[in-house]
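The numbering used here numbers the first residue of the sequence shown as 8 and each following residue consecutively. Where a beta carbon is used, it is the ideal one built from N, C-alpha and C, also for glycine. This structure is a prediction, so every number in the text was calculated from the model and none was measured. Structure first, then comments.
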Amino acid sequence: MSSSNQIHSAVAKLAPEYIKAIAPYQGGKPISELAREMGLQVEVIVKLASNENPLGISPKADYAIQEAVLDIARYPDGNSFALRDAVSKKFSIAPNQLVFGNGSNDILELAARAFLTAGCETIYSQHAFAVYPLVTQATGATGVVVPAENYGHDLTAMLAAITPKTRMIFVANPNNPTGTLLGKDELLAFLRQVPKTVLVMLDEAYDEYLSAANKSEAIAWLSEFDNLIISRTFSKAYGLAGLRVGFGLCHADIADLMNRVRQPFNVNSIAQAAAVASLADDDFVERSYALNQAGMAQLTQGFNKLGLEYIPSFANFVSFAVRNATQVNQKLLQNGVIVRPIANYEMPDYLRVSIGLFSENARFLEVLEQILKSNE
Ligand SMILES: *Cc1c(COP(=O)(O)O)cnc(C)c1O
């Protein structure tokens with residue numbers, strides 16, 4: 008990956024400075040890549056690095072995918088009619104208040120493209136999801152990072168960072184990679200203080216992993232806030248990360264503008280069919296939630312036993328502190344366990360582990376214990 012000072016091609020040098028300054032996104036290492044690097048069998052590798060659903064996908068989605076494959080010579084429905092109808096009914100929201108994306112990352116990008124230009128500012132928290140700076144910088148706008156408070160968003164400080172140039176504020180709830188959750192009252196009070204001319208992008212990628220009491224009520228708030236965009240995804244609890252489908256919920260005027268900059272066929276036909284079927288399978292989401300609760304308890308008990316500090320998490324991952332995190336990560340990899348180093352989130356002493364199956368969590372804890380013992 009070349010950074011701005013390593014560009015040799017004459018034409019590539021002509022790209023705007025704000026594009027050349029973008030740091031490439033660092034994803035979780037794919038299983039196949041680690042297998043190649045370490046000479047390991049794919050079967051022995053445990054990947055707990057990208058907050059994927061260890062249960063896979065709903066059997067209903069699986070069936071819908073088999074059906075949809077038969078028709079892939081056709082373009083997808085550019086308006087996602089069936090999916091729009093299903094989401095509209097499920098969340099009691101007007102169809103014209105929905106925007107569909109190639110993953111919810113696409114929703115973040117569509118909002119950025121529709122509303123940001125060079126000279127304006129966005130605000131996001133320290134340790135917040137890495138895609139917020141990416142989509143901001145790609146438009147030439149300036150991202151303003153607000154220091155976190157106990158690894159979570161400091162909403163008071165974020166309000167104080169608003170200037171006449173501020174166009175958008177990103178709020179991840181729960182946040183990735185820290186797993187922190189803002190209270191509903193706190194969030195509502197924040198929204199009431201944000202000027203109506205500033206958009207708030209509320210990223211709720213992990214909402215399905217929240218307990219009933221903690222679940223977001225933000226969709227009901229849309230009637231009060233014209234400037235609120237909520238983003239949701241099928242990548243996490245629904246398990247469709249590889250298909251890429253997510254959606255935004257907002258005022259119809261905002262949705263209209265985001266749809267104008269959207270590629271006409273951004274959500275493929277298999278993803279649309281799988282998403283519709285997934286929405287009809289509450290049982291799968293409940294099982295995913297229950298497995299996650301149990302796995303979170305398993306991992307946090309394991310960390311307690313090993314005397315490791317971790318950040319209490321409301322999502323399907325947890326970040327824990329270890330001495331020599333880079334070296335520990337390298338040893339985990341050598342043993343076929345993939346977790347996520349988060350030094351790029353200004354957390355060099357932490358590793359983030361996604362909640363997996365019971366056996367995967369156990370394997371991770373076992374290998375981690377061996378590594379820590381051998382380091383003593
Ligand atoms: C995983 C994640 C998403 C989901 O991204 P998709 O593009 O829908 O796969 C969005 N926001 C946050 C904070 C995430 O961690």
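Report task. Please say whether Gly150 and Thr187 have beta carbons closer to each other than 9 Å? Result -> Inclusion of Thr187 and Gly150 in the CB contact set at 9 Å is not warranted, their separation being larger than that value.
Query - Proximity winner among Thr240, Leu209, Ser276 and Thr129, relative to Cys257 (alpha-carbon distances) - result: Ranked by Cα distance from Cys257, the options Thr240, Leu209, Ser276 and Thr129 are led by Leu209.
Query - Residue from Val53, Pro31 and Glu24 whose Cα sits closest to the Cα of Ile38 - result: Of Val53, Pro31 and Glu24, the residue nearest in Cα terms is Val53.
Report task. Anything with a beta carbon under 5 Å from a heavy atom of ligand 1 counts; list them all in chain order. Result -> Look at which beta carbons fall closer than 5 Å to any heavy atom of ligand 1; those residues are Gly110, Ser111, Asn112, Phe136, Ala179, Asn183, Asp210, Ala212, Thr240, Ser242 and Gly253.
Query - Exposed unless 16 or more other CB atoms sit within 10 angstroms - verdict on Arg267 - result: By the 10 Å Cβ count, Arg267 comes out exposed.
Requested in this report: Determine the burial state of Ser381: buried for a count of at least 16 other Cβ atoms within 10 Å of its Cβ, exposed for fewer.
Outcome: That one is exposed.
Query raised in the report: From which residue to which residue does the beta strand (DSSP E) around Glu128 run?
Result: Boundaries of the beta strand (DSSP E) around Glu128: Glu128 to Ser132.
Report task. Can you have a look at Ala17 and say buried or exposed, based on whether 16 or more other CB atoms are within 10 angstroms of its CB? Result -> Per the 10 Å Cβ criterion, exposed.
Query raised in the report: Ordered along the chain, which non-local residues of its own chain (more than five positions away) have a Cβ less than 6 Å from that of Met303?
Result: Result list for Met303: Ile362, in chain order.
Report task. Determine, using beta-carbon pairs with one atom in the segment 303 to 319 and one in the segment 334 to 345, whether at least three such pairs fall under 8 Å. Result -> Segments in contact, no.
Requested in this report: Could you tell me how far apart the beta carbons of Ser326 and Pro184 are, in whole angstroms, since I believe they sit closer than 8 Å?
Outcome: 5 Å between Cβ atoms; contact.
Requested in this report: Please go through the same chain and pick out, in chain order, the residues whose beta-carbon is closer than 6 Å to the beta-carbon of Arg347, but skip the five residues on each side of it.
Outcome: Within the same chain, Arg347 has close Cβ partners Gly35, Ala56 and Arg359.
Requested in this report: May I have the straight-line CA-CA distance separating Asn112 from Leu364, to the nearest angstrom?
Outcome: Cα-Cα distance, rounded: 26 Å.
Query raised in the report: Counting pairs of Cβ atoms below 8 Å between the segment 96 to 106 and the segment 125 to 135, do you hit three or more?
Result: With the rule of 3 Cβ pairs closer than 8 Å, the segment 96 to 106 does not count as touching the segment 125 to 135.
Requested in this report: Please go through the same chain and pick out, in chain order, the residues whose beta-carbon is closer than 7 Å to the beta-carbon of Ser11, but skip the five residues on each side of it.
Outcome: With a pLDDT of only 46 at Ser11, under the threshold of 50, the placement of this residue in the model should not be trusted; the figure read from the coordinates follows. Listed in chain order, the non-local C-beta contacts of Ser11 below 7 Å within the same chain comprise Lys27 and Ala28, local neighbours out to five positions each way being set aside.
**Report entry** Proximity winner among Asp84, Lys222 and Gln33, relative to Phe272 (alpha-carbon distances)
**Finding:** When each option's Cα is compared against that of Phe272, the closest is Asp84.
Query raised in the report: CA-CA distance, Lys172 and Asp214?
Result: Near 31 Å, if we compare the C-alpha coordinates of Asp214 and Lys172.
Requested in this report: Have a look at Glu116 and Asp78 and give me their C-alpha separation to the nearest angstrom.
Outcome: As the crow flies, the alpha-carbon of Glu116 is around 29 Å from that of Asp78.
Report task. Mind the definition here: the segment 273 to 287 touches the segment 67 to 74 only if three or more C-beta pairs lie below 8 Å; say whether that holds. Result -> Yes, the segment 273 to 287 touches the segment 67 to 74.
Query raised in the report: Is the beta carbon of Val207 sitting closer than 9 Å to the one on Phe232?
Result: For the 9 Å CB-CB criterion, Val207 and Phe232 form a contact.
Query raised in the report: For Gly45, does the three-state DSSP call read helix, strand or coil?
Result: The identity of residue 45 in the sequence shown is Met, whereas the question assumes Gly. Taken through DSSP and simplified to helix, strand or coil, Met45 comes out as helix.
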